[in-house]
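Just remember that my numbering sits 4 ahead of the position in the sequence shown, which is counted from 1.
Here's the structure we're looking at; comments come further down.
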Amino acid sequence: MVGVVSARHHRELRRALRDTWAERVREHPHIRDRHGCPVPEEDREDPYSCAPLNFTEPVAGQEVEIITGFDASVLTSSEVSVVSLQFKVLHPIVITRLGVFPSAPTYMFPGTVSVRLFPLGQEVPVVSAHFGPNSSGTEVNGVWYKAVELFILPRGFEGTLLWEGVDAADLTTINVSQVHLNGGGVLKISLIEEGVLPHRGARGFPGLAGMFTFSIHDAEGLTAMLRGRPERIKSHRATLDQEEVLLQQESRQHGDVVFVDVVDTYRNIPSKLLLFYKWYAPPGTSVHFRDQKHFNRRNFWWGNFRQNWPVDIAGKWQELDYTGSVYPAFACGSGYVVSRDVVEWLADNVEKLKVYQDSRWLCEQGCYVDMLSSPQHTAEELRSLWHKKKACGDPCGCPWGQP
Numbered sequence: 005m006v007g008v009v010s011a012r013h014h015r016e017l018r019r020a021l022r023d024t025w026a027e028r029v030r031e032h033p034h035i036r037d038r039h040g041c042p043v044p045e046e047d048r049e050d051p052y053s054c055a056p057l058n059f060t061e062p063v064a065g066q067e068v069e070i071i072t073g074f075d076a077s078v079l080t081s082s083e084v085s086v087v088s089l090q091f092k093v094l095h096p097i098v099i100t101r102l103g104v105f106p107s108a109p110t111y112m113f114p115g116t117v118s119v120r121l122f123p124l125g126q127e128v129p130v131v132s133a134h135f136g137p138n139s140s141g142t143e144v145n146g147v148w149y150k151a152v153e154l155f156i157l158p159r160g161f162e163g164t165l166l167w168e169g170v171d172a173a174d175l176t177t178i179n180v181s182q183v184h185l186n187g188g189g190v191l192k193i194s195l196i197e198e199g200v201l202p203h204r205g206a207r208g209f210p211g212l213a214g215m216f217t218f219s220i221h222d223a224e225g226l227t228a229m230l231r232g233r234p235e236r237i238k239s240h241r242a243t244l245d246q247e248e249v250l251l252q253q254e255s256r257q258h259g260d261v262v263f264v265d266v267v268d269t270y271r272n273i274p275s276k277l278l279l280f281y282k283w284y285a286p287p288g289t290s291v292h293f294r295d296q297k298h299f300n301r302r303n304f305w306w307g308n309f310r311q312n313w314p315v316d317i318a319g320k321w322q323e324l325d326y327t328g329s330v331y332p333a334f335a336c337g338s339g340y341v342v343s344r345d346v347v348e349w350l351a352d353n354v355e356k357l358k359v360y361q362d363s364r365w366l367c368e369q370g371c372y373v374d375m376l377s378s379p380q381h382t383a384e385e386l387r388s389l390w391h392k393k394k395a396c397g398d399p400c401g402c403p404w405g406q407p
């Protein structure tokens with residue numbers, strides 16, 4: 005059996021597969037998500053998930069603090085000298101000020117602290133401020149601030165805000181369970197949980213040792229986007245309904261579709277694949293092939309394996325769960341062969357396995373006569389490769405120039 009992971013809207017690609025190499029495969033189910041994402045792409049946090057943007061109506065020119073409900077009662081002495089906060093920008097903002105909490109025991113003035121904002125994974129800060137006994141800045145609502153050079157953070161920017169003292173006594177942190185992390189929905193702030201260890205490659209210990217202020221860039225554009233949302237949702241719902249009708253027609257016509265219970269998003273591909281394994285080999289069952297024409301190997305996983313591939317900390321393939329700096333050896337996702345017993349083990353352990361993110365399914369590039377797979381083709385390119393394969397045995401091209 006050859007399983008084909010397919011997005012709901014890839015009808016032309018599925019048609020091309022059925023018209024070409026799938027004609028020689030007895031079973032070739034197309035694995036599809038049972039649910040389309042109900043959120044229009046413009047209203048999602050990013051194109052790769054189904055998380056909705058949760059913006060509030062902005063006030064043009066207004067400075068916003070990242071915390072509401074703050075007072076000195078939630079302050080506590082830091083146990084470390086470096087504290088960091090990670091966040092992602094969901095709509096462009098302009099950083100205006102960086103701030104620190106006052107230091108113990110009086111909680112009146114800041115200690116000797118440097119505050120720097122780094123793009124995630126980079127070494128050079130985009131803005132910074134330095135506080136000390138002779139340069140405390142301006143106190144606003146119990147926080148000491150310094151203005152910084154105005155800097156626009158674009159949508160998608162992922163950053164680390166770093167507070168660094170000479171020693172732990174210079175820093176004061178906050179009990180985040182007692183405050184509300186704000187931002188009008190334009191910031192996604194990484195959750196800070198008590199007892200959490202630093203993520204791999206993290207600068208400092210996760211926490212909050214101060215604040216920053218910002219204003220909304222292009223507030224008029226954000227307002228227009230919010231007001232257009234109801235119509236976008238209505239149009240998107242109609243598109244999903246039509247898509248569902250076409251999918252059901254396709255399923256009835258070809259009988260080669262497996263619907264798995266996930267939402268159609270890029271980051272759900274690992275879950276989608278595991279649920280296909282579970283469909284193929286339901287937990288608690290065992291199927292043994294006796295026909296010698298069947299593949300008869302055990303504990304077998306064959307493909308183009310990669311070793312020591314670095315983990316992405318930002319972007320499309322951002323990995324938030326795996327704590328190492330490199331992944332264990334793995335087979336490229338564009339195509340591999342596994343024995344039935346391995347599929348059964350994966351199916352039996354679906355609830356325990358982690359669905360990590362990675363970009364390395366594209367590691368099989370180029371065209372070779374003996375290639376296992378070749379990803380990222382259009383429907384026309386798939387047909388061309390197949391026609392050459394049938395004509396001369398080489399999908400990459402025939403010696404007499406077969407088109």
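Ideal Cβ positions, reconstructed from N, Cα and C, are used throughout, including at glycine.
Since the model is a prediction, treat every value here as computed from it, not as a measurement.
* To do: Over the uninterrupted beta strand (DSSP E) stretch that includes G225, give me the two end residues.
  => The residue labelled residue 225 in the question sits at position 221 within the sequence shown. Per DSSP, G225 belongs to no beta strand (DSSP E); it is in the alpha helix (DSSP H), A223 to R231.
* To do: Quick one: using the 10 Å Cβ neighbour count with 16 as the cut-off for buried, is K297 buried or exposed?
  => Counting from one through the sequence shown, the residue named residue 297 turns up at place 293. The predicted position of K297 is uncertain, since its pLDDT is 44 and thus under 50; no value can be drawn from it.
* Asked: R310 and F334: beta carbons closer than 8 Å?
  -> The residue labelled residue 310 in the question sits at position 306 within the sequence shown. The residue labelled residue 334 in the question sits at position 330 within the sequence shown. Going by C-beta atoms, R310 is nearer than 8 Å to F334.
* Asked: Using the beta-carbon count (16 or more within 10 Å), is Y372 buried or exposed?
  -> As a position in the sequence shown, residue 372 is number 368, starting the count at 1. Flag for Y372 reads exposed.
* Mind reading off the beta-carbon distance from V190 to F155? Whole number of angstroms is fine, and I expect it under 8 Å. => Here residue 190 refers to the residue found at position 186 of the sequence shown. Here residue 155 refers to the residue found at position 151 of the sequence shown. Distance from V190 to F155 at the Cβ level is roughly 15 Å; contact not present, criterion being Cβ atoms closer than 8 Å.
* Pick from G7, D37, E355 and P44: whose alpha carbon is nearest that of A26? -> Taking the sequence shown and counting its residues from 1, the one referred to as residue 26 is at position 22. The shortest Cα separation from A26 among G7, D37, E355 and P44 belongs to G7.
* Asked: When the Cα atoms are used, what is the spatial distance from E45 to V104?
  -> On the sequence shown, position 41 is the one that residue 45 refers to. On the sequence shown, position 100 is the one that residue 104 refers to. When rounded, the distance between both Cα atoms is 37 Å.
* From the DSSP output, in three-state form, read off W321 for me. => In the sequence shown, counting from the first residue as 1, residue 321 sits at position 317. Here W321 sits in coil by DSSP.
* Asked: Which stretch, first to last residue, makes up the beta strand (DSSP E) that contains E61?
  -> In the sequence shown, the residue the question calls residue 61 occupies position 57. E61 -> no beta strand (DSSP E), and no H or E assigned at all.
* To do: With a threshold of 16 other CB atoms inside 10 Å of the CB of H13, please say whether the residue is buried or exposed.
  => For the purposes of this step, residue 13 is taken as residue 9 along the sequence shown, with counting starting at 1. Burial call: exposed.
* Do P62 and I220 have their CB atoms nearer than 8 Å? -> Position 58 of the sequence shown, counted from the first residue, corresponds to residue 62. Position 216 of the sequence shown, counted from the first residue, corresponds to residue 220. Yes, the Cβ-Cβ distance between P62 and I220 is below 8 Å.
* When we look at the beta-carbon of S88 and count the other beta-carbons within 10 Å, is it buried (16 or more) or exposed? -> Against the sequence shown, residue 88 aligns to sequence position 84. Answer is buried; the Cβ neighbour count reaches 16.
* **Distance, T327 Cα to A108 Cα** => Numbered from 1 along the sequence shown, position 104 holds the residue referred to as residue 108. Numbered from 1 along the sequence shown, position 323 holds the residue referred to as residue 327. Straight-line Cα distance between these residues: approximately 33 Å.
* Where in the segment 119 to 199 do unbroken runs of the alpha helix (DSSP H), each at least 4 residues long, occur, reported from the N-terminal end onward? -> The qualifying runs do not exist here; there are none.
* Measure the C-alpha to C-alpha separation of L350 and Y284 and round it to an integer number of angstroms. => Taking the first residue of the sequence shown as position 1, residue 350 is located at position 346. Taking the first residue of the sequence shown as position 1, residue 284 is located at position 280. Each residue's alpha carbon lies about 11 Å from the other.
* **Among I193, V249, A133 and I237, the one whose alpha carbon lies nearest that of W167** => Position 163 of the sequence shown, counting from 1, holds the residue named residue 167. Of the candidates I193, V249, A133 and I237, the one whose C-alpha sits nearest the C-alpha of W167 is A133.
* Report yes if the C-beta distance between I35 and M215 is below 8 Å; otherwise report no. => Locating residue 35 in the sequence shown gives position 31, counting from the first residue. Locating residue 215 in the sequence shown gives position 211, counting from the first residue. The answer is no: Cβ separation not under 8 Å.
* Determine the closest residue to V93 out of G115, D75, S139 and L157, with distance taken between C-alpha atoms. => For this step, residue 93 is matched to residue 89 along the sequence shown. Ranking the options by Cα distance to V93, first place goes to L157.
* Taking all protein chains shown into account, decide if G65 is buried (16 or more other Cβ within 10 angstroms of its Cβ) or exposed. => Stepping through the sequence shown from its first residue, residue 65 is reached at position 61. By the 10 Å Cβ count, G65 comes out exposed.
* Asked: If you draw a straight line from the C-alpha of F209 to the C-alpha of P286, how long is it?
  -> Residue numbering aside, residue 209 sits at position 205 when the sequence shown is read from its first letter. Residue numbering aside, residue 286 sits at position 282 when the sequence shown is read from its first letter. Answer to the nearest angstrom: the Cα atoms are 43 Å apart.
* Asked: Would DSSP call D50 helix, strand or coil?
  -> Walking along the sequence shown from the start, residue 50 turns up at place 46. In this structure, D50 counts as coil in the three-state DSSP scheme.
* Asked: Is it the case that the Cβ atoms of L124 and E162 are separated by a distance below 8 Å?
  -> Sequence index remark: in the sequence shown, residue 124 carries index 120 (1-based). Sequence index remark: in the sequence shown, residue 162 carries index 158 (1-based). In this structure, E162 lies closer than 8 Å to L124 by Cβ.
* To do: List the whole-angstrom C-beta distance separating V411 from W390, where the pair is believed to meet the contact cut-off of C-beta under 8 Å.
  => Because the chain here runs from 5 to 407, residue 411 falls outside it and cannot be looked at.
* Using the Cα positions of E127 and Q90, report the straight-line distance between them to the nearest angstrom. => Translated into the one-based positions of the sequence shown, residue 127 becomes position 123. Translated into the one-based positions of the sequence shown, residue 90 becomes position 86. Looking at the two C-alpha atoms, the distance is approximately 15 Å.
* **Selected residue, minimal CA-CA separation from V170, among T142, T164 and G136** => What you label residue 170 is simply residue 166 of the sequence shown in a count that begins at 1. Checking every option, the nearest Cα to that of V170 belongs to G136.
* To do: Give the range of the alpha helix (DSSP H) segment to which I273 is assigned.
  => In the sequence shown, counting from the first residue as 1, residue 273 sits at position 269. For I273, the enclosing alpha helix (DSSP H) begins and ends at I273 to Y284.
* To do: Using the DSSP secondary-structure output, state which residues sit across from T269 in a beta bridge.
  => Counted from its first residue, the sequence shown places residue 269 at position 265. T269 is not bridged to any residue.
* Asked: Helix, strand or coil: which one does DSSP assign to K393?
  -> Position 389 of the sequence shown holds residue 393. Correct three-state label for K393: helix.
* Report the three-state DSSP secondary structure of L102 (helix, strand or coil). => In the sequence shown, the residue the question calls residue 102 occupies position 98. L102: strand per DSSP, three-state reduction.
* Give a yes or no on whether the C-beta atoms belonging to L175 and S275 are separated by under 8 Å. => Translated into the one-based positions of the sequence shown, residue 175 becomes position 171. Translated into the one-based positions of the sequence shown, residue 275 becomes position 271. Between L175 and S275, the C-beta gap is not smaller than 8 Å, which leaves the two residues out of contact.
* For the beta strand (DSSP E) that contains D79, what are its first and last residues? -> On the sequence shown, position 75 is the one that residue 79 refers to. According to the sequence displayed, residue 79 carries Leu and not Asp. Per DSSP, the unbroken beta strand (DSSP E) holding L79 starts and ends at L79 to S81.
* To do: With DSSP collapsed to three states, give me the class of R256.
  => Position 252 of the sequence shown, counted from the first residue, corresponds to residue 256. Under the three-state reduction of DSSP output, R256 falls in the helix class.
* **L386 burial status per 10 Å Cβ neighbour count (16 or more: buried)** => What you label residue 386 is simply residue 382 of the sequence shown in a count that begins at 1. Burial call: buried.
* **Where K356 sits in the DSSP three-state scheme** => Within the sequence shown, residue 356 is the residue found at index 352, counting from 1. In the structure shown, K356 sits in coil (DSSP, three-state: anything other than H, G, I, E or B).
* Identify, in the order they occur along the chain, each residue of the same chain with its Cβ nearer than 7 Å to the Cβ of R48, setting aside the five sequence neighbours on each side. => Here residue 48 corresponds to residue number 44 of the sequence shown, with the count starting at 1. These residues qualify, in order along the chain: C54, A55, P56 and L57.
* Under the rule that 16 or more other beta-carbon atoms within 10 Å means buried, what is G370, buried or exposed? -> To locate residue 370, count along the sequence shown from 1; it is residue 366. With fewer than 16 other CB atoms across the displayed protein chains lying within 10 angstroms of its CB, G370 is exposed.
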